[in-house]
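Encoded as structure tokens, the structure appears first; notes follow it.
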Amino acid sequence: MFTGIVEELGEIARVEPLSDAARLTVRGPLVTSDARHGDSIAVNGVCLTVVEVSGDEFTVDVVHETLKRSSLGRAEAGRQVNLERAMPANGRFGGHVMQGHVDGTATFLSRDPDGLTHFAFPAPLGRYIVEKGSIAVDGVSLTVAGVAKEEFSIALIPTTLELTTLGRTEPGDVVNIEVDVLAKYVEKLAAVHLPGTGVDNGKGKEDA
Numbered sequence: 001m002f003t004g005i006v007e008e009l010g011e012i013a014r015v016e017p018l019s020d021a022a023r024l025t026v027r028g029p030l031v032t033s034d035a036r037h038g039d040s041i042a043v044n045g046v047c048l049t050v051v052e053v054s055g056d057e058f059t060v061d062v063v064h065e066t067l068k069r070s071s072l073g074r075a076e077a078g079r080q081v082n083l084e085r086a087m088p089a090n091g092r093f094g095g096h097v098m099q100g101h102v103d104g105t106a107t108f109l110s111r112d113p114d115g116l117t118h119f120a121f122p123a124p125l126g127r128y129i130v131e132k133g134s135i136a137v138d139g140v141s142l143t144v145a146g147v148a149k150e151e152f153s154i155a156l157i158p159t160t161l162e163l164t165t166l167g168r169t170e171p172g173d174v175v176n177i178e179v180d181v182l183a184k185y186v187e188k189l190a191a192v193h194l195p196g197t198g199v200d201n202g203k204g205k206e207d208a
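In terms of UniProt numbering, the sequence shown opens at residue 1 and continues consecutively.
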């Protein structure tokens with residue numbers, strides 16, 4: 001589990017295409033300081049399993065489903081990424097409950113001088129995005145400032161702009177989003193009592 005408090009701004013060192021997958025090597029001195037084979041590290045909000053650690057770099061394998069559903073399908077050497085280690089049982093809970101299972105991608109639209117930042121999101125995710133609710137954008141725990149049609153806005157403080165990739169986004173850039181998992185569970189449980197909602201109450205989809 002993660003909380004969306006980015007620990008470090010890392011960098012993709014290498015990308016190796018595999019059959020229906022990719023192997024990424026990521027540079028991050030802080031998160032690799034105690035990383036071991038099998039540990040979980042969120043890379044731009046995507047929970048990935050460490051397969052190798054060498055110096056200040058760690059390597060992960062990214063399967064086809066994750067490449068398709070997240071922005072990691074566009075990963076390239078030199079790109080900066082947000083990094084967070086899995087939360088320890090005795091850790092401080094600073095953001096909100098995050099699984100690192102990306103629901104889809106959004107597109108950065110604009111940011112005003114006050115930090116109010118706008119994104120366009122896929123229509124099917126709209127029912128989970130509510131004003132003053134939680135959302136993860138590229139692994140950063142944020143509060144939704146407003147929702148209009150297929151756009152949402154968040155207010156970014158200077159620290160977030162400086163210490164995460166969100167301060168470096170340009171119009172048209174793709175970011176990962178993970179909606180509040182609690183909303184999805186509530187919907188699942190309520191669906192049987194709300195006929196005609198169109199919610200699938202059977203086998204769930206596989207997330208990234």
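Cβ atoms here follow ideal geometry from the backbone N, Cα and C, with glycine treated the same way. All of these numbers come straight from a predicted model, not from anything done at the bench.
What did DSSP end up calling residue 69 once you bin it into helix, strand or coil?
Against the sequence shown, residue 69 aligns to sequence position 69. The answer is helix: DSSP assigns residue 69 an H, G or I state.
Can you find the residues in the same chain that come closer than 7 Å, C-beta to C-beta, to residue 4, ignoring five residues on each side of it along the sequence?
If you number the sequence shown from 1, residue 4 lands on position 4. Excluding residues within five positions, the ones whose Cβ falls inside 7 Å are 95, 96, 98, 136, 139, 140, 141.
Specify the secondary structure class of residue 187 as computed by DSSP and reduced to three states.
For the purposes of this step, residue 187 is identified with residue 187 of the sequence shown, where counting begins at 1. Residue 187 sits in a helix when the DSSP states are folded into three classes.
Bridge partners of residue 105, per DSSP?
Looking up residue 105 in the sequence shown gives position 105. The partner list for residue 105 (beta bridge, DSSP) reads 176.
Sorted by chain position, which residues of the same chain lie with C-beta nearer than 6 Å to residue 207's C-beta, five sequence neighbours on each side aside?
Position 207 of the sequence shown, counted from the start, is the residue given in the question as residue 207. Annotation note: pLDDT 47 at residue 207 (below 50); position unreliable, coordinate value reported separately. Setting aside the 5 residues that flank it on each side, residue 207 is surrounded in the same chain by 101, each with a C-beta closer than 6 Å to its C-beta; the list follows chain order.
Using the beta-carbon count (16 or more within 10 Å), is residue 180 buried or exposed?
As a first step, residue 180 is located in the sequence shown; it is residue number 180 there, counting from the start. By the Cβ neighbour-count rule, residue 180 is buried, with 16 or more other Cβ atoms within 10 Å of its own.
Would you identify the three-state DSSP class for residue 181, choosing helix, strand or coil?
Indexing the sequence shown from 1 puts residue 181 at position 181. Shown here, residue 181 sits in a helix according to DSSP, grouped into three states.
How about residue 166 and residue 117: do their beta carbons lie closer than 9 Å?
Start at 1 with the first residue of the sequence shown, and residue 166 comes out as number 166. Start at 1 with the first residue of the sequence shown, and residue 117 comes out as number 117. Result yes, Cβ atoms of residue 166 and residue 117 sit closer than 9 Å.
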